[in-house]
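Contents: one structure, followed by commentary.
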Amino acid sequence: MDKKTYFITGGAGFIGSHLSELLLKNGHRVLALDNFSTGSEKNIEGLIDNENYHFVRASLDDDIVVDRMASESDIIIHLAAAVGVMLIVERPVHTIRTNIMGTEKILDAALRYNSRVLLASTSEVYGKGVSIPFAEEDDVLLGASSKNRWAYAATKMVDEFLGLAYHQEYGLEVVPFRLFNTVGARQTGQYGMVVPRFVQQAMNNEDITVFGTGDQSRCFCDVRDIIRALYDLSLHADSPGQVFNIGSQNEISITGLAEKVIEITGSSSGIKYIPYDEAYAPGFEDMERRVPDLSRINKLIGWESEYSIDDILNSVHDSLK
Ligand SMILES: NC(=O)c1ccc[n+]([C@@H]2O[C@H](COP(=O)([O-])OP(=O)(O)OC[C@H]3O[C@@H](n4cnc5c(N)ncnc54)[C@H](O)[C@@H]3O)[C@@H](O)[C@H]2O)c1
1 MDKKTYFITG GAGFIGSHLS ELLLKNGHRV LALDNFSTGS EKNIEGLIDN
51 ENYHFVRASL DDDIVVDRMA SESDIIIHLA AAVGVMLIVE RPVHTIRTNI
101 MGTEKILDAA LRYNSRVLLA STSEVYGKGV SIPFAEEDDV LLGASSKNRW
151 AYAATKMVDE FLGLAYHQEY GLEVVPFRLF NTVGARQTGQ YGMVVPRFVQ
201 QAMNNEDITV FGTGDQSRCF CDVRDIIRAL YDLSLHADSP GQVFNIGSQN
251 EISITGLAEK VIEITGSSSG IKYIPYDEAY APGFEDMERR VPDLSRINKL
301 IGWESEYSID DILNSVHDSL K
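For the sequence shown, the positions run 1 to 321 when my numbering is used.
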């Protein structure tokens with residue numbers, strides 16, 4: 001296997017730090033950039049001494065740093081973004097700027113040095129669509145622009161359009177991927193991510209706060225499965241030019257998740273329901289179900305998720321102990 005140089009934006013984040021570990025383990029060189037807005041030094045403390053790992057604390061706004069890191073890379077994995085629905089509701093301008101301008105900057109840098117780019121998008125782009133499962137070529141149904149919750153999905157969709165346009169017009173190798181709920185050690189509950197928040201509440205024996213009715217369901221995928229998919233896509237000759245869903249198909253309701261968290265942590269917590277209006281903002285909209293169609297990725301690289309919801313919750317619990 002050829003040794004490659006990967007440039008990971010958002011490298012000190014949840015997914016970026018796990019991905020960096022896998023790349024180093026597989027003998028590659030990793031250049032990581034992060035401004036520690038939602039990521040942290042702690043996430044990368046096990047990597048910093050590796051001679052194949054180079055970390056730069058900087059923002060995507062720093063043109064010189066981005067250019068230098070891109071100039072040395074074979075493959076860029078663009079994960080840096082304003083992430084999570086809570087952050088988006090609180091700081092819409094910041095979200096839109098970071099997610100659109102940051103991606104444009106990365107694509108331009110990749111074009112200068114002809115690096116392959118993997119772009120992180122999200123299952124949020126399926127919006128309020130009701131087809132189950134969601135396939136990459138399905139129509140999407142976003143809410144009104146007066147509801148800034150949809151800004152996250154809209155920015156990521158612009159990123160996908162931009163990436164595919166660079167591929168079509170300039171021949172750049174771009175692979176946008178739509179992550180469904182990804183969970184594991186090091187994810188922070190600070191910005192509303194449901195699994196670490198529930199596990200932390202259970203460990204404190206506080207009521208687990210479920211937003212909405214709790215009947216809405218999601219499919220949670222272990223970050224260890226996700227990074228395996230990203231790695232294989234990053235090296236496959238035929239991945240550029242199309243969008244890939246990545247996620248698990250094991251569906252669980254949010255009330256079911258809260259019950260499982262209580263069972264696994266042996267907690268005495270109860271469950272408390274909070275209306276969306278109170279948890280987020282008046283008029284907040286959510287989708288009932290979100291299940292990925294995985295035929296495309298499965299056909300190309302033979303990938304499917306392996307970790308169960310119990311495995312995931314046990315690993316989050318262990319990491320928070
Ligand atoms: N975790 C999920 O369930 C999920 C689902 C769908 C999509 N995604 C996407 O995957 C990517 C990684 O998400 P994550 O879950 O690891 O979240 P994360 O918040 O841990 O990672 C994002 C990282 O980017 C960094 N960052 C943000 N803005 C930056 C900037 N301007 N300059 C430099 N660094 C910056 C943050 O400090 C953080 O370390 C994101 O693009 C996100 O939208 C994640």
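Ideal Cβ positions, reconstructed from N, Cα and C, are used throughout, including at glycine.
Quick caveat: nothing in here was measured; it's all calculated off a predicted structure.
Secondary structure of residue i, DSSP reduced to three states
i    : result
S17  : helix
D209 : The displayed chain sequence assigns Thr, not Asp, to residue 209. In the structure shown, T209 sits in a strand (DSSP, three-state: E or B).
E251 : strand
H94  : helix
K25  : helix
L142 : coil
V183 : strand
D34  : strand
T188 : coil
K272 : strand
S319 : helix
S305 : coil
V125 : helix
S71  : helix
I64  : helix
I8   : strand
V261 : helix
V56  : strand
Close beta carbons around residue i, own chain, < 8 Å, minus the five adjacent residues each side
i    : result
V65  : L33, V56 and A58
K128 : L141, L142, G143, E285 and M287
D74  : K4, T5, Y6, S115 and R116
Residue i - containing beta strand (DSSP E), residue span
i    : result
I227 : No beta strand (DSSP E) holds I227; the alpha helix (DSSP H) holding it covers V223 to L235.
V175 : V174 to L179
N245 : F244 to I246
S121 : R116 to T122
I76  : I75 to H78
S217 : S217 to C219
Cβ-heavy atom distance, residue i to ligand 1, below 6 Å
i    : result
I15  : yes
T95  : no
D222 : no
A153 : no
L327 : Residue 327 cannot be examined here, being either before or after the span of the chain that is shown, 1 to 321.
A120 : yes
L325 : This structure leaves residue 325 out entirely; the chain is present only between 1 and 321.
F354 : This structure gives no information on residue 354, because the portion of the chain shown stretches from 1 to 321.
A12  : yes
G39  : yes
L31  : no
S59  : yes
T98  : yes
T323 : Outside the shown range of the chain (1 to 321) lies residue 323, about which nothing can therefore be said.
T209 : no
Nearest to residue i (by Cα), restricted to the options the options
i    : options                   : result
I254 : D310, L313, T5 and V194   : V194
G302 : R289, L230, P282 and E285 : L230
H167 : N314, T122, S239 and S71  : S239
G77  : D49, T98 and A110         : Looking at the sequence shown, residue 77 is not Gly but Ile. Nearest option by C-alpha distance: A110.
S234 : E51, L162 and V117        : V117
A281 : L87, D225 and I96         : L87
E206 : L162, G214 and V261       : V261
I106 : A120, T95 and V130        : A120
D311 : D222, G102 and T188       : D222
N99  : I297, D62, R296 and M157  : M157
L79  : S319, R149, S37 and E72   : S37
Continuous alpha helix (DSSP H) stretch holding residue i: start and end
i    : result
F161 : A151 to Y170
F198 : V194 to M203
Y113 : G102 to Y113
R296 : S295 to I301
6 Å Cβ shell around residue i - same chain, five flanking residues per side excluded
i    : result
N323 : Nothing in the structure corresponds to residue 323, since the chain is present only between 1 and 321.
E173 : R116 and P240
N35  : S59
F161 : none
Own chain residues within Cβ distance below 7 Å of residue i, not counting five before or after
i    : result
H317 : V199, I264 and T265
F211 : I274, Y276 and A279
I226 : I15, L179, T182 and I246
Q22  : In the sequence on display, residue 22 carries Leu and not Gln. Around L22: I227 and Y231.
Residue i beta carbon near ligand 2 (any heavy atom closer than 6 Å)
i   : result
V83 : This structure lacks ligand 2; the ligands present are ligand 1.
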